[in-house]
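Notes follow the structure.
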């Protein structure tokens, strides 16, 4: 290949054009203002101007992988029926917590996830996501996002204007029925869901036998890898070690999505998930604590070269998912939406 | 601040950013924005995610846009910003570099693309991935989006002089990298 500078610009232009043209047109997803009722139902509690919520969740690489996977519209997973909004759904009972969090009439299931991440310029922050879920999960959910400086404990902006990059100060609060907030990754609680966005309905259709659940996680991981790598996979798809990484990482990604989605849900499923994860290939269990220092057992996939290829998930002694070494999950019963239970 | 030299926009006095306008503009621009994002971060699905995020964010902020073209420019800027932070946050660009293989879906040549062109594309994309995000943005906006220096400056929020300098540096670096890849 020549490096004659005189033809560099036309070569660059041609390459960019060919590469862009190779991105074929395909239907775009429905956006929030196009979903029935979505725009009208997402409001600010304090009447402030709606603000951007960035896609930052626990274990950012995993969340990003999930977002990437979500756009592929994977087939498969357990058979689920189309959502039927008008029919009371037994699946939403999953949102009622297990025996560890008894709710009285009118109370909300409160979940709080605290995690370390970075903001603009890779500045470390501690982000906090709180949800208040009504016992009838099709009712109105409340979401509050805040952040603070991990060194000083002082509040810091959580979000920034997407164009001006100006910080948006103060807590960010939204409400939406059925948890259907106007974020690309959020779906209605009665949606069928998928491995990437596990809804209560999706989880309700999963087996609670650890071996069967583990087999589904492995199957999903393999299917996703083939979709991501192309039809010829594994031919020409990197070294054997690369393939091993994929084999170990993808099931753990699915498991992580499930773990995050089952926060505050039925304890039996969470325990089954822990057992399934423990048996996934390459998974190593060891004592660990979450970000809050709560002790438990962490599970992470480690490749044959000793390289950790997944985030560690921590479960407490009762089989409840409590976060990761850099995140913490707590659940409780709240009397009022938008107000954390005492001590939480 | 260089943007002060930008002439004030004269928009249509009746222009209202409502759901109909957003849907129409997003429908029309979706593929173009996804292609832009693919060129910046290299991954189709991550690019679609970035465009979706940018559209949602734009709708929720409801910027004071003056007309349709202004809205398109705003969306483009939001997409570039989103790609910029996505690349930094996730190392997407590093994966972009790793993905530049002739058997990859992104770079696999179409049947009517000559072999030499396919080899050129792989090399140029590989070199692009090794530029800084800002250099890559300037080159993509200049040579694919075909924006003027002023428009690139507006999109990236930098001075037109910086655009010129960045483009020059980026081309020189690109040329060096292509030489190394021979």
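Protein chains in written order, with our numbering: chain Z, 1 to 344; chain W, 1001 to 1182.
For every residue, glycine included, the Cβ atom is placed at its ideal position computed from N, Cα and C.
For residue 1066/W, the three-state DSSP class (helix, strand or coil): The residue given as residue 1066/W occupies position 66 in the second chain. In this structure, residue 1066/W counts as coil in the three-state DSSP scheme.
Residues that DSSP places opposite residue 287/Z in a beta bridge: Mapped onto the first chain, residue 287/Z falls at position 287. Paired residue(s): 297/Z.
Cβ distance (whole Å) where residue 16/Z is taken to contact residue 1030/W below 8 angstroms: On the first chain, position 16 is the one that residue 16/Z refers to. On the second chain, position 30 is the one that residue 1030/W refers to. With a Cβ gap of about 19 angstroms, residue 16/Z and residue 1030/W do not count as contacting.
Amino acids of chain Z, ordered along the chain, whose beta-carbon sits closer than 7 angstroms to that of residue 1131/W: Translated into the one-based positions of the second chain, residue 1131/W becomes position 131. Within chain Z, no residue comes near residue 1131/W; the closest Cβ sits about 11 angstroms away, beyond 7 angstroms.
Any C-beta of chain Z under 8 angstroms from that of residue 1150/W: By 1-based counting over the second chain, the position of residue 1150/W is 150. Not one chain Z Cβ lies under 8 angstroms of residue 1150/W.
Within-8 angstroms CB hit, residue 1121/W to chain Z: Here residue 1121/W refers to the residue found at position 121 of the second chain. For residue 1121/W, the nearest beta carbon of chain Z is closer than 8 angstroms to its own beta carbon.
Where residue 1069/W falls, given that 16 or more other Cβ within 10 Å makes a residue buried: As a working note, residue 1069/W is residue 69 in the second chain. When all chains shown are included, residue 1069/W counts as exposed.
Residue-level contact to chain W via CB, residue 23/Z, 8 angstroms cutoff: Your numbering for residue 23/Z matches position 23 in the first chain. Chain W, which has a Cβ nearer than 8 angstroms to the Cβ of residue 23/Z, makes this yes.
Inter-stretch contact at 8 angstroms, needing at least 3 Cβ pairs: the region 1035-1051 of chain W / the region 334-344 of chain Z: no
Chain Z residues whose Cβ lies nearer than 8 angstroms to that of residue 1162/W: Indexing the second chain from 1 puts residue 1162/W at position 162. Within chain Z, no residue comes near residue 1162/W; the closest Cβ sits about 16 angstroms away, beyond 8 angstroms.
Where residue 315/Z falls: helix, strand or coil (DSSP): Along the first chain, one-based indexing puts residue 315/Z at 315. Correct three-state label for residue 315/Z: strand.
Rounded separation between residue 12/Z and residue 293/Z - CA only: Working through the first chain from its first residue, we reach residue 12/Z at position 12. Working through the first chain from its first residue, we reach residue 293/Z at position 293. Near 52 angstroms, if we compare the C-alpha coordinates of residue 293/Z and residue 12/Z.
Any chain Z beta carbon closer than 8 angstroms to residue 1124/W: Here residue 1124/W is taken as the residue at index 124 of the second chain, counted from 1. Interface residue (Cβ-Cβ distance to chain Z less than 8 angstroms): residue 1124/W is classified as such.
heavy atom of the ligand ZN below 7 angstroms from residue 326/Z C-beta: Among the ligands in the structure shown, none appear at all, so the ligand ZN cannot be discussed.
Neighbour-count burial assignment, residue 1052/W, 16 or more Cβ in a 10 Å radius: Position 52 of the second chain, counted from the first residue, corresponds to residue 1052/W. Buried: at least 16 other Cβ atoms inside 10 Å.
Identity of the residue in 269/Z, 200/Z, 248/Z nearest residue 212/Z by Cα: For the purposes of this step, residue 212/Z is taken as the residue at position 212 of the first chain. Taking only the C-alpha atoms, the option nearest residue 212/Z is 269/Z.
First and last residue of the uninterrupted alpha helix (DSSP H) at residue 1000/W: Since the first residue shown for chain W is 1001 and the last is 1182, residue 1000/W is missing from the structure and cannot be characterised.
Cβ-Cβ distance between residue 110/Z and residue 132/Z below 8 angstroms: Numbered from its first residue, the first chain carries residue 110/Z at position 110. Numbered from its first residue, the first chain carries residue 132/Z at position 132. Result yes, Cβ atoms of residue 110/Z and residue 132/Z sit closer than 8 angstroms.
Check whether residue 258/Z and residue 203/Z have beta carbons under 8 angstroms apart: Taking the first residue of the first chain as 1, we reach residue 258/Z at position 258. Taking the first residue of the first chain as 1, we reach residue 203/Z at position 203. Going by C-beta atoms, residue 258/Z is nearer than 8 angstroms to residue 203/Z.
Among 341/Z, 343/Z, 342/Z, 332/Z, the one whose alpha carbon lies nearest that of residue 102/Z: Reading the first chain from its first residue, position 102 is the one you call residue 102/Z. Of 341/Z, 343/Z, 342/Z, 332/Z, the residue nearest in Cα terms is 332/Z.
Per-residue contacts from residue 9/Z into chain W (C-beta, under 8 angstroms): The sequence position of residue 9/Z within the first chain is 9, counting from 1. The answer, in chain order, is 1143, 1171.
Between the CA atoms of residue 1151/W and residue 1032/W - distance to the nearest angstrom: Here residue 1032/W is taken as the residue at index 32 of the second chain, counted from 1. Here residue 1151/W is taken as the residue at index 151 of the second chain, counted from 1. Going from the Cα of residue 1032/W to the Cα of residue 1151/W covers about 17 angstroms.
Start-to-end residues for the beta strand (DSSP E) that takes in residue 331/Z: In the first chain, counting from the first residue as 1, residue 331/Z sits at position 331. Element bounds for residue 331/Z: 327-334.
Cut-off 7 angstroms between Cβ atoms - residues of its own chain near residue 1037/W, not counting five sequence neighbours on either side: Against the second chain, residue 1037/W aligns to sequence position 37. 1047, 1050, 1051, 1079, 1083.
Boundaries of the beta strand (DSSP E) in which residue 324/Z is found, first to last residue: The residue you call residue 324/Z lines up with position 324 of the first chain. Unbroken beta strand (DSSP E) run through residue 324/Z: 321-324.
For residue 210/Z and residue 275/Z, believed in contact at Cβ under 8 angstroms, the rounded distance: For the purposes of this step, residue 275/Z is taken as residue 275 along the first chain, with counting starting at 1. For the purposes of this step, residue 210/Z is taken as residue 210 along the first chain, with counting starting at 1. Going by Cβ atoms, the distance from residue 275/Z to residue 210/Z rounds to 4 angstroms, so yes, they are a contact pair.
Length of the line joining the Cα atoms of residue 1019/W and residue 310/Z: Residue numbering aside, residue 1019/W sits at position 19 when the second chain is read from its first letter. Residue numbering aside, residue 310/Z sits at position 310 when the first chain is read from its first letter. Those two C-alpha atoms are separated by around 41 angstroms.
Check whether residue 1178/W and residue 1130/W have beta carbons under 8 angstroms apart: Taking the second chain and counting its residues from 1, the one referred to as residue 1178/W is at position 178. Taking the second chain and counting its residues from 1, the one referred to as residue 1130/W is at position 130. Not closer than 8 angstroms, so no.
Proximal residues of chain Z, C-beta to C-beta of residue 1055/W below 8 angstroms: On the second chain, position 55 is the one that residue 1055/W refers to. Chain Z residues near residue 1055/W: 31.
Beta-carbon gap between residue 280/Z and residue 301/Z smaller than 8 angstroms: As a first step, residue 280/Z must be located in the first chain, where it is residue number 280. As a first step, residue 301/Z must be located in the first chain, where it is residue number 301. A distance below 8 angstroms separates the beta carbons of residue 280/Z and residue 301/Z.
Residue nearest to residue 1025/W in terms of C-alpha spacing, selected from 1166/W, 1142/W, 1075/W: Indexing the second chain from 1 puts residue 1025/W at position 25. Per the Cα distances, 1075/W.
Three-way DSSP call (helix, strand, coil) for residue 109/Z in this model: Against the first chain, residue 109/Z aligns to sequence position 109. In this structure, residue 109/Z counts as strand in the three-state DSSP scheme.
Under 8 angstroms between C-beta atoms of residue 8/Z and residue 1081/W: By one-based count along the first chain, residue 8/Z stands at place 8. By one-based count along the second chain, residue 1081/W stands at place 81. No. Outside cutoff.
Boundaries of the alpha helix (DSSP H) in which residue 1041/W is found, first to last residue: For the purposes of this step, residue 1041/W is taken as the residue at position 41 of the second chain. Counting along the chain, the alpha helix (DSSP H) containing residue 1041/W begins and ends at 1019-1041.
Beta-carbon proximity list for residue 1164/W, same chain, < 8 angstroms, skipping 5 on both sides: Looking up residue 1164/W in the second chain gives position 164. Same-chain partners within the cutoff: 1149.
Residues that residue 172/Z bridges to, as DSSP identifies them: Looking up residue 172/Z in the first chain gives position 172. Beta-bridge pairing links residue 172/Z to 145/Z.
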